[in-house]
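Counting from 652, one number per residue, gives the positions in the sequence shown under my numbering.
To start, the structure under review is shown below, and the notes come after it.
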Amino acid sequence: MHTLHALVLSCTLGLLAAGCSPDPDAPEVWRFAIEETAGSVQHHYATRFAERIEEGTDGEVEVKVYTYGTLGTSDQITELLHNGSLQFAMSSPGHLGKLIPEVQALLLHFVFSDDDAINRQVLSDPELLDTFDALYADKGLALQAIYPEGWMAWTTNRPVRTPEDFEGIKIRVMTTPLLLSLYEAYGASPTPLAYSEVYSALQLSMIDAQVNPVFAIQEMSFHEVTDFLVFPDHALFVTTAAAHRPFYEGLSEDRRALVDDTFEALQDEIFDHQAALEDTRLARIRKTRPDLEVIRLTDAEREAFRTRAAPVREQFLAMAPQGQQVLDVLDRTLAEARAAHGERSSDEAPSPDPSEPPTPDEVEDDG
Ligand code: 6CS
């Protein structure tokens, strides 16, 4: 886990820490790197974290937020967090899964509910957090939060409504192996790339498609280099916030309580923030690309993808030594949250009685 890049950046960050704080009254600096640009969901999160920490420590701590591109790719940020050059970072399972394969459970398709309240309860569940945290601990990281950034949408150069439509489509995915398995199961040709390389790969037609939440599509201008925006509602983009474990464990009791309280307080806020972006950022996309065709898959169309995605659970288990344990907790927390909110899982849904006339919803869904 030691690349030249990490070594150079660690030295730079170390020199900055030593050289820029000659004043004994200068605030202690905590570095927080994100995998996205200014204005993103992660940026909102890290900025609010900084405000709360600086206020909570009466300015004794300054939190410096490093946006995407300043310190490198997601993998390089994780490396800097691991070696202690950073105190905090966002680590998305779509990249982190190479280091902690179990975290790929959060990438499986057709797992989360259409009901935001259910997902909110699941992703904030203490047992789920503890289960993942034990795996983060093995890599010197401390998991602080799991939260969503919106539903994933496909941008494509051809309409995609069925797995057959994916044939011959090169779709960029994040860099973990499970994402390759999922898109291969759909019949596509998945290509892993760093986030920073996606726009030019689309522009140069090296790839035909990519998948990301709407705010990211707008922010990274992927809508400029695509013809179709497809909403399959198959997966939430879920990310995690993590700390360098020795730093976190070495904090005074008061400071650690402040950090814990801050992450807890931000959980609700970030859920609301990211949900609101779904509409506002789609409106911006439509304004700049009124010709872009937006496709929303019907339930019947989603079913074909769900069927293809189901066996990939087995591939996940083959990749992740403690995958079963993680899935058990995830399934249990989902079942509890569904029960608490009165929702049946799709596996439990009774087949419609053919003698009953369809409801208006069913007519529309089958459209
Ligand atoms: O696609 C990616 O690689 C990135 N997408 C988002 C929305 N955040 C970070 C991640 O690295």
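C-beta: ideal position from N, C-alpha, C; glycine also.
Around the Cβ of residue 966, a 10 Å sphere holds 16 or more other Cβ atoms; the residue is buried. Shortest Cα-Cα distance from residue 970 to any of 750, 799, 982, 990 involves 750.
Out of 927, 937, 892, the CA that lies nearest to the CA of residue 911 is found in 892. When distances are taken from the beta-carbon of residue 814 to the heavy atoms of the ligand 6CS, even the shortest one reaches 7 Å or more. Counting every other CB atom within 10 Å of its CB across the protein chains shown gives residue 908 a total below 16, marking it as exposed.
Taking the Cβ atoms as the reference, residue 796 lies roughly 5 Å from residue 914, within the contact range of under 8 Å. Residue ranges of uninterrupted beta strand (DSSP E) with 3 or more members, entirely inside the segment 715-799 and ordered along the chain, are 739-742. Set against 7 Å, the gap from the CB of residue 770 to the closest heavy atom of the ligand 6CS is not smaller. Within the DSSP bridge table, the entry for residue 895 names 792 as partners.
As DSSP reads the structure, residue 864 sits in a beta bridge with 803. Here residue 845 has 724 as same chain residues with Cβ atoms under 6 Å from its own Cβ, once five neighbours each way along the sequence are excluded. With contacts defined by Cβ atoms closer than 8 Å, residue 902 and residue 873 do not form a contacting pair. Sixteen is the threshold: when 16 or more other Cβ atoms of the shown chains lie within 10 Å of the Cβ of residue 742, as they do, the residue is buried. By the criterion of at least three beta-carbon pairs nearer than 8 Å, the segment 763-782 is in contact with the segment 977-994.
Taking 8 Å as the cut-off, the Cβ atoms of residue 800 and residue 700 do not count as close. When the beta-carbon positions are compared, residue 836 and residue 963 come within less than 8 Å of each other.
Under the 8 Å Cβ criterion, the segment 725-741 does not count as touching the segment 799-817, having fewer than three qualifying pairs.
Taken atom to atom, the span from the alpha-carbon of residue 885 to that of residue 676 is near 51 Å. Collapsing the DSSP output to three states places residue 940 in coil. Annotation for residue 832: the continuous alpha helix (DSSP H) segment containing it runs 828-836. Counting only residues of its own chain and dropping the five nearest sequence neighbours on each side, residue 786 has a CB closer than 6 Å to the CB of 751, 753. At a cut-off of 4 residues, the continuous stretches assigned as alpha helix (DSSP H) that sit fully inside the segment 874-933 are 896-901. Between the segment 704-712 and the segment 769-788 there are fewer than three C-beta pairs closer than 8 Å, too few to call the two in contact.
Under DSSP, residue 822 shares a beta bridge with 841, 860.
Residue 684 is bridged by DSSP to 717, 740. Beta-bridge annotation (DSSP): residue 712 is paired with 679.
One Cα belongs to residue 973, the other to residue 961, and the distance between them is close to 19 Å. In terms of Cβ geometry, residue 682 and residue 717 form a close pair [threshold 8 Å].
Taking 7 Å as the cut-off, the C-beta of residue 872 does not count as close to any heavy atom of the ligand 6CS. DSSP places residue 700 in the uninterrupted alpha helix (DSSP H) bounded by 692-707.
The residues 859, 878, in chain order, have a CB closer than 6 Å to that of residue 808 in the same chain once the five nearest residues on each side in sequence are set aside.
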